[in-house]
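Visitor: Once you've had a glance at the structure underneath, I'll fire off some questions.
Protein chains: 2
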Amino acid sequence: MTGKPEDSLIAMRTMRMAKILGENVRKTRLKRGMTLEALATEVGLAYSYMGGIERGQKNPTLDVVERIASALDIEPVSLLSRPEE
Amino acid sequence: MTGKPEDSLIAMRTMRMAKILGENVRKTRLKRGMTLEALATEVGLAYSYMGGIERGQKNPTLDVVERIASALDIEPVSLLSRPEE
Numbered sequence: 178m179t180g181k182p183e184d185s186l187i188a189m190r191t192m193r194m195a196k197i198l199g200e201n202v203r204k205t206r207l208k209r210g211m212t213l214e215a216l217a218t219e220v221g222l223a224y225s226y227m228g229g230i231e232r233g234q235k236n237p238t239l240d241v242v243e244r245i246a247s248a249l250d251i252e253p254v255s256l257l258s259r260p261e262e
Numbered sequence: 178m179t180g181k182p183e184d185s186l187i188a189m190r191t192m193r194m195a196k197i198l199g200e201n202v203r204k205t206r207l208k209r210g211m212t213l214e215a216l217a218t219e220v221g222l223a224y225s226y227m228g229g230i231e232r233g234q235k236n237p238t239l240d241v242v243e244r245i246a247s248a249l250d251i252e253p254v255s256l257l258s259r260p261e262e
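Residue numbers (our numbering), protein chains in the order written: chain A, 178 to 262; chain B, 178 to 262.
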């Protein structure tokens, strides 16, 4: 990570929400007994992109977060809350 | 809103998170005594785009939500929680 120190700080923070989202999506999906493929299809996303979201490697928009929440029948903000919260 | 009924439903739901974000950003910004211009500059967004976010008319990515939260010194998920939560 070249660039200013605070870039990596921001990058690290940026990863935080994406990581939290990924863990929550995966946990909820498995709880619902859904495959990654089924969730991707229902949300209207490519399988690979959906996998990237679960690995915390994507930067989705609020609209995508809401569509995933709707497919998992959960409140969108719950997908963005740290598990212990 | 032409198209299938559920499109408007999804559109309505999609607006929800954007609306919640906008209200929370505006309320927190005013509490911090920041101008819209100052917030836009700190986050690195155009003034007009920042105004659109506050009006709930934009569909930002998680990265943008985190940068706004960082500028307002608040947890990102708090900006996405309904005010009474």
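Built from N, CA and C at the ideal position, the CB exists for glycine as well.
Remember, predicted model here, so these are calculated numbers, not experimental data.
With burial defined as no fewer than 16 other Cβ atoms inside 10 Å of the residue's Cβ, what is the status of A:L222: buried or exposed?
Guide: One-based indexing of the first sequence puts residue 222 of chain A at position 45. The residue in question, A:L222, is buried, as its Cβ has 16 or more Cβ neighbours within 10 Å.
Visitor: State the DSSP-derived secondary structure class of B:T205, mapped to helix, strand or coil.
Guide: The residue you call residue 205 of chain B lines up with position 28 of the second sequence. Residue state, collapsed to three classes: helix.
Visitor: I believe A:N236 touches B:T238 by the beta-carbon criterion, under 8 Å. Please report the beta-carbon distance rounded to the nearest angstrom.
Guide: Reading the first sequence from its first residue, position 59 is the one you call residue 236 of chain A. Reading the second sequence from its first residue, position 61 is the one you call residue 238 of chain B. With 8 Å as the limit, A:N236 and B:T238 qualify as a contact, their Cβ atoms being about 5 Å apart.
Visitor: In chain order, which continuous runs of the alpha helix (DSSP H) of length 4 or greater are located wholly inside the stretch 203-249 of chain A?
Guide: Listed in chain order, they are 213-220, 224-231, 239-249.
Visitor: Would you kindly work out how many angstroms separate the C-alpha atoms of A:T212 and B:T218, rounded to a whole number?
Guide: On the first sequence, position 35 is the one that residue 212 of chain A refers to. On the second sequence, position 41 is the one that residue 218 of chain B refers to. About 42 Å.
Visitor: Hey, quick one: how far does the alpha helix (DSSP H) through B:P253 stretch, first residue to last?
Guide: Position 76 of the second sequence, counted from the start, is the residue given in the question as residue 253 of chain B. That run of the alpha helix (DSSP H) goes 253-256.
Visitor: Let me know if A:E240 comes out buried or exposed under the rule of 16 or more other beta-carbons within 10 Å of its beta-carbon.
Guide: The residue given as residue 240 of chain A occupies position 63 in the first sequence. Per the sequence shown, the amino acid found at residue 240 of chain A is Asp instead of Glu. Counting Cβ neighbours within 10 Å, A:D240 comes out buried, since at least 16 surround it.
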